[in-house]
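Engineer: Protein chains in written order, with the numbering used here: chain A, 469 to 583; chain B, 1355 to 1462. If you scroll down you'll find the structure; I have some questions about it.
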Amino acid sequence: DAGVIQSPRHEVTEMGQEVTLRCKPISGHNSLFWYRQTMMRGLELLIYFNNNVPIDDSGMPEDRFSAKMPNASFSTLKIQPSEPRDSAVYFCASSLTGGLGDTQYFGPGTRLTVL
Amino acid sequence: AQSVTQPDIHITVSEGASLELRCNYSYGATPYLFWYVQSPGQGLQLLLKYFSGDTLVQGIKGFEAEFKRSQSSFNLRKPSVHWSDAAEYFCSNYKLTFGKGTLLTVNP
Chain A
469 DAGVIQSPRH EVTEMGQEVT LRCKPISGHN SLFWYRQTMM RGLELLIYFN
519 NNVPIDDSGM PEDRFSAKMP NASFSTLKIQ PSEPRDSAVY FCASSLTGGL
569 GDTQYFGPGT RLTVL
Chain B
1355 AQSVTQPDIH ITVSEGASLE LRCNYSYGAT PYLFWYVQSP GQGLQLLLKY
1405 FSGDTLVQGI KGFEAEFKRS QSSFNLRKPS VHWSDAAEYF CSNYKLTFGK
1455 GTLLTVNP
């Protein structure tokens, strides 16, 4: 299996621009998670989906962030407008069922730099 | 709030030495606990997880962890560290709350 695929791997943009991060989960996995990793705050869960439906978005920082999962094989995380404090590594992960003990498989991450 | 704490930000050990990385959790009932490893530029990979039963859990790459309710701990151990174990290690709970991570440096 190809694992979780994220694109782009690196993104550099200017403040105020729209940024779209993409994720393809492992085929057959029903749950998808978006995380943000920074030095200051560590790894934070932003949102997770189960069967393409958002279950918990309480970690989404503010209205500038939005996530969609139009089908089982694709999800996007959008930031509009972007700000320098959004600079971080964004990870996507998927799991088979999303259950309590289910193993999450992480993608390689997208390193976002907002100038 | 349910949380996990990793008290050590950075640990350095010599290759071949034993290793113990600490993780403390706050939760009343039996928690679900996980250890992940992150190599530079990579995503996280699951090393092992604990739900119930035997308190000593075996994982991949020769790692093990012991759940101790009396100490609210779930420490990760390895008897003999290899240079390839140099990475950052994260403890997490079932609420998908992660510790801040422990960076492991391995000296030759």
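A virtual CB, placed ideally from N, CA and C, is assigned to each residue, including glycine. Since we're looking at a predicted model, the values are computed, not measured.
Please return the same chain residues whose Cβ sits closer than 6 Å to the Cβ of A:Ser475, not counting the five positions on each side in sequence.
Structural biologist: Contacts found: Arg490.
Engineer: Quick check on DSSP: helix, strand or coil for A:Arg579?
Structural biologist: Residue state, collapsed to three classes: strand.
Engineer: Would you say A:Phe559 faces chain B, with C-beta separation under 7 Å as the test?
Structural biologist: It does; some Cβ of chain B falls within 7 Å.
Engineer: I'd like to know whether the C-beta of B:Leu1375 is nearer than 7 Å to at least one C-beta of chain A.
Structural biologist: No, no contact with chain A.
Engineer: Taking C-beta to C-beta, are A:Tyr573 and A:Arg504 nearer than 7 Å?
Structural biologist: In this structure, A:Arg504 does not lie closer than 7 Å to A:Tyr573 by Cβ.
Engineer: Cα-Cα, which of B:Ser1426, B:Val1367, B:Leu1375 and B:Arg1423 is closest to B:Gly1455?
Structural biologist: Nearest of B:Ser1426, B:Val1367, B:Leu1375 and B:Arg1423 to B:Gly1455, Cα basis: B:Leu1375.
Engineer: Along chain B, in chain order, which residues have C-beta atoms closer than 8 Å to that of A:Pro576?
Structural biologist: Gly1395, Gln1396 and Gly1397, listed in chain order.
Engineer: Along the segment 513-528 of chain A, what residues have a CB closer than 7 Å to any CB found in chain B?
Structural biologist: Per Cβ criterion, the list reads Leu513.
Engineer: For a cutoff of 7 Å on Cβ pairs, would you count B:Tyr1379 as touching chain A?
Structural biologist: Answer no: the Cβ-Cβ gap between B:Tyr1379 and chain A never drops below 7 Å.
Engineer: Have a look at B:Leu1373, B:Thr1459, B:Ser1427 and B:Ile1363 and flag the residue whose alpha-carbon is nearest the alpha-carbon of B:Glu1387.
Structural biologist: According to the sequence as given, residue 1387 of chain B is Leu; it is not Glu. Out of B:Leu1373, B:Thr1459, B:Ser1427 and B:Ile1363, B:Ser1427 has the C-alpha closest to the C-alpha of B:Leu1387.
Engineer: Start and end of the beta strand (DSSP E) containing B:Cys1445?
Structural biologist: From DSSP, the beta strand (DSSP E) with B:Cys1445 extends over Ala1441 to Asn1447.
Engineer: Output yes if chain B places a C-beta closer than 7 Å to the C-beta of A:Ile569; else output no.
Structural biologist: According to the sequence as given, residue 569 of chain A is Gly; it is not Ile. So yes, A:Gly569 belongs to the interface.
Engineer: By DSSP, does A:Asp524 sit in helix, in strand, or in coil?
Structural biologist: Of the three classes helix, strand and coil, the one that applies to A:Asp524 here is strand, per DSSP.
Engineer: What does A:Gly510 touch in chain B if you count any residue whose Cβ is under 9 Å from its own?
Structural biologist: Going along chain B in sequence order, the residues near A:Gly510 (Cβ under 9 Å) are Phe1444, Phe1452, Gly1453, Lys1454 and Gly1455.
Engineer: Which residues share a DSSP beta bridge with A:Thr488?
Structural biologist: According to DSSP, A:Thr488 bridges with A:Lys546.
Engineer: What does DSSP give as the partner residue(s) for A:Arg504 in the beta ladder?
Structural biologist: Bridge partners of A:Arg504: A:Glu512 and A:Tyr558.
Engineer: Could you check what DSSP says for B:Lys1454 in three-state terms: helix, strand or coil?
Structural biologist: B:Lys1454: coil per DSSP, three-state reduction.
Engineer: Apart from the five residues on each side of it in sequence, which residues of its chain come closer than 7 Å, Cβ to Cβ, to A:Ala556?
Structural biologist: Cβ within range, chain order: Arg504, Gln505, Thr506 and Leu580.
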